[in-house]
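Novice:
In mature numbering (1 follows the signal peptide of the UniProt record, and there is no 0), the protein residues as written are -20 to -1, 1 to 143.
#1: With distances taken from CA atoms, which of 22, 10 and 14 is nearest residue 135?
#2: At 4 residues or longer, what runs of the alpha helix (DSSP H) sit wholly inside the segment 16 to 94?
#3: Can you check which of these residues, 58, 104, 20 and 43, is closest to residue 52 by C-alpha distance?
#4: So which of 66, 71 and 7 has the shortest CA-CA distance to residue 54?
#5: Tell me where the beta strand (DSSP E) around residue 135 begins and ends.
#6: Is the CB-CB distance between residue 85 and residue 66 below 7 Å?
#7: State the beta-bridge partners of residue 101 as determined by DSSP.
#8: Please return the same chain residues whose Cβ sits closer than 6 Å to the Cβ of residue 111, not counting the five positions on each side in sequence.
#9: Rounded to whole angstroms, how far is the Cβ of residue 93 from the Cβ of residue 9, which I believe are closer than 8 Å?
#10: Residue 64: buried (16+ other C-beta within 10 angstroms of its C-beta) or exposed?
#11: Can you give me the Cβ contacts of residue 7 inside the same chain, cut-off strictly under 7 Å, excluding the 5 residues immediately before and after it?
#12: Are the CB atoms of residue 16 and residue 143 nearer to each other than 7 Å?
#13: Measure the alpha-carbon distance for residue 18 versus residue 40 and round it to whole angstroms.
#14: Using the C-alpha atoms, what's the distance from residue 20 back to residue 130?
#15: Under the rule that 16 or more other beta-carbon atoms within 10 Å means buried, what is residue 132, buried or exposed?
#16: Using the C-alpha atoms, what's the distance from residue 69 back to residue 106?
#17: Quick one: what does DSSP say residue 120 is sitting in, helix, strand or coil?
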């Protein structure tokens, strides 16, 4: 019994250590996201532009346009915290009408960063956004979220480097 407990503690310590190392990351690890990304989607034509890291941040703009009319916009910033990058997201309707309260942006700390891939998870654990560079010209944005019934749904946005 004592050996089993020690083995469990040892495995837990290794797992926690690996997780801690994996989540300690620098904003420069996200350079792979930089670029002007586009795709045609059922929601409309999408454009997402990510800057290269500058100092402790990266910024992005997004727009979705259907039949020549805006569906919605997003402004995103990824800021370096003490140990990990954190995605800060705001949505806007036409006319720059914000969805989120002005002092409550959507916060999503990075939970995993690997070469050419980052995973962000919302604080309430209901949304996961993964950015994965799949080739020199392509990057997927994978949106996993719980629906109103608590079931997970997945939407893959397969972007192509535009310029």
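Using N, Cα and C, we set each Cβ at its ideal position, and we do this for glycine too.
All figures in this text were calculated on a predicted structure; none of them were measured in a lab.
Specialist: On the basis of the coordinates in this document:
#1: Translated into the one-based positions of the chain shown, residue 135 becomes position 155. For the residues 22, 10 and 14, the minimum Cα distance to residue 135 belongs to 22.
#2: none
#3: As a first step, residue 52 is located in the chain shown; it is residue number 72 there, counting from the start. Cα-wise, what sits closest to residue 52 is 43.
#4: One-based indexing of the chain shown puts residue 54 at position 74. Looking at the Cα atoms, 71 is the closest of the given residues.
#5: The count along the chain shown starts at 1 and reaches residue 135 at position 155. Taken as a continuous stretch (DSSP letters only), the beta strand (DSSP E) holding residue 135 covers 132 to 141.
#6: Within the chain shown, the letter at position 105 stands for residue 85. Within the chain shown, the letter at position 86 stands for residue 66. The Cβ-Cβ distance between residue 85 and residue 66 does not fall below 7 Å.
#7: Position 121 of the chain shown, counting from 1, holds the residue named residue 101. The partner list for residue 101 (beta bridge, DSSP) reads 108.
#8: Taking the chain shown and counting its residues from 1, one reaches residue 111 at position 131. Contacts found: 13, 98 and 121.
#9: As a working mapping, residue 93 is identified with position 113 in the chain shown. As a working mapping, residue 9 is identified with position 29 in the chain shown. Sure, about 5 Å apart at Cβ, within 8 Å.
#10: Counting from 1 along the chain shown, the entry for residue 64 is found at position 84. Buried.
#11: Residue 7 sits at position 27 when you count from the first residue of the chain shown. Same-chain partners within the cutoff: 33, 36, 37, 38, 58, 60 and 65.
#12: Counted from its first residue, the chain shown places residue 16 at position 36. Counted from its first residue, the chain shown places residue 143 at position 163. Cβ atoms of residue 16 and residue 143: closer than 7 Å.
#13: Residue 18 sits at position 38 when you count from the first residue of the chain shown. Residue 40 sits at position 60 when you count from the first residue of the chain shown. Between residue 18 and residue 40, the C-alpha separation is close to 13 Å.
#14: Here the question's residue 130 lines up with position 150 in the chain shown. Here the question's residue 20 lines up with position 40 in the chain shown. Distance between the alpha carbons of residue 130 and residue 20 is about 29 Å.
#15: Numbered from its first residue, the chain shown carries residue 132 at position 152. It counts as exposed.
#16: Here residue 106 is taken as the residue at index 126 of the chain shown, counted from 1. Here residue 69 is taken as the residue at index 89 of the chain shown, counted from 1. Going from the Cα of residue 106 to the Cα of residue 69 covers about 15 Å.
#17: Counted from its first residue, the chain shown places residue 120 at position 140. Strand, per DSSP.
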